[in-house]
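What follows is one structure encoded as structure tokens, with my remarks underneath.
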Amino acid sequence: YLQALLTAVPIPDPRLSRMRKELGLNGTDLPDIANMPSGCRFHTRCMYATNICKTTCPEQVQRGASTVACHLVDDLPKFELFTKAVGGD
Numbered sequence: 208y209l210q211a212l213l214t215a216v217p218i219p220d221p222r223l224s225r226m227r228k229e230l231g232l233n234g235t236d237l238p239d240i241a242n243m244p245s246g247c248r249f250h251t252r253c254m255y256a257t258n259i260c261k262t263t264c265p266e267q268v269q270r271g272a273s274t275v276a277c278h279l280v281d282d283l284p285k286f287e288l289f290t291k292a293v294g295g296d
């Protein structure tokens, strides 16, 4: 979800902007809070969700200064283009 939001931020460098891959969500409907799906609460909307996401709730882990709850945190692409655009490196 965060990755989809970050891709909506305009990138001032046209070269980086063209390189950026458009990302989306599988859906924008929130699940019924009284009837939450099994597994990860975001799997119904996450474009990276796999079978484990549908059945098992991920545990929180530390990654740098952040706490993340995702089975795929170490396998997903990093926000390199966003970092370059904001940081100017």
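Position 45 of the sequence shown, counted from 1, bears residue number 252 in the numbering used here, the numbering being contiguous throughout.
The beta carbon of each residue, even a glycine, is placed where N, CA and C say it ideally should be.
This structure is a prediction, so every number in the text was calculated from the model and none was measured.
Check, Outcome
"Just to confirm my understanding: we take LYS261, look at its own chain, exclude 5 residues before and 5 after, and list those with CB closer than 8 Å. What are they?", "PRO244, SER245, GLY246, CYS247 and HIS250"
"Quick one: grab the DSSP three-state call for THR262.", "helix"
"Return yes when the Cβ of PRO265 is within less than 8 Å of the Cβ of CYS277, no when it is not.", "yes"
"Since TYR255 and LEU283 should fall inside the 8 Å C-beta cutoff, what is the C-beta to C-beta distance between them, to a whole number of angstroms?", "6 Å"
"Pull up the distance between the alpha-carbon of THR263 and that of GLY271, whole angstroms please.", "24 Å"
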